[in-house]
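Okay, so here's the structure we're looking at.
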Amino acid sequence: MSTLGSAKVPLELNTTNLKLGVKTGDAFFFRFEIGYGIGDIPSELKFNANANGINKSFTEERPAIPGLSSGGILLANFGFGFAF
416 MSTLGSAKVP LELNTTNLKL GVKTGDAFFF RFEIGYGIGD IPSELKFNAN
466 ANGINKSFTE ERPAIPGLSS GGILLANFGF GFAF
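Quick note: the sequence shown uses this note's numbering, first residue 416, plus one each step.
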């Protein structure tokens, strides 16, 4: 028998971001940035689950994600736009 429910993970990532980038073009432009967000990334995630009126809290280890460590996160973005 399986039970369906929902879970929430109250997680805040507060980082100081350092980025370098390149912008091409004048009126119509493309840009690319890469950097690193320095901050305290938790190594455990705390879940609050609810199913059929039953509430349960539990903790799981943070999964291994490329570019994410306990000291920060790798950042990159790409953008384009029209300037006037």
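All C-beta atoms in this analysis are idealised placements derived from N, C-alpha and C, irrespective of residue type, glycine included.
Check                                                                                                                                                            : Outcome
Decide if the stretch 436-445 is in contact with the stretch 473-484; the criterion is three or more beta carbon pairs, one per stretch, under 8 Å apart.        : no
So, for G452: in the same chain, excluding its five sequence neighbours on each side, which residues have a beta-carbon less than 6 Å away from its beta-carbon? : T430, N432, G487, I488, L490
Return the residue from the list G468, F495, A479 that minimises the CA-CA distance to A422.                                                                     : G468
Go ahead and pull the three-state DSSP assignment for T418.                                                                                                      : coil
Looking only at its chain, what residues have a beta carbon closer than 7 Å to the beta carbon of G450, apart from the 5 residues adjacent to it on each side?   : N432, L433, K434, L435, L490
Could you tell me which residues DSSP puts in a beta bridge with I484?                                                                                           : Looking at the sequence provided, one finds Ser at residue 484 rather than Ile. DSSP, once it has assigned bridges, lists G487 as partnering S484.
What three-state label does DSSP hand F499 in the structure shown?                                                                                               : coil
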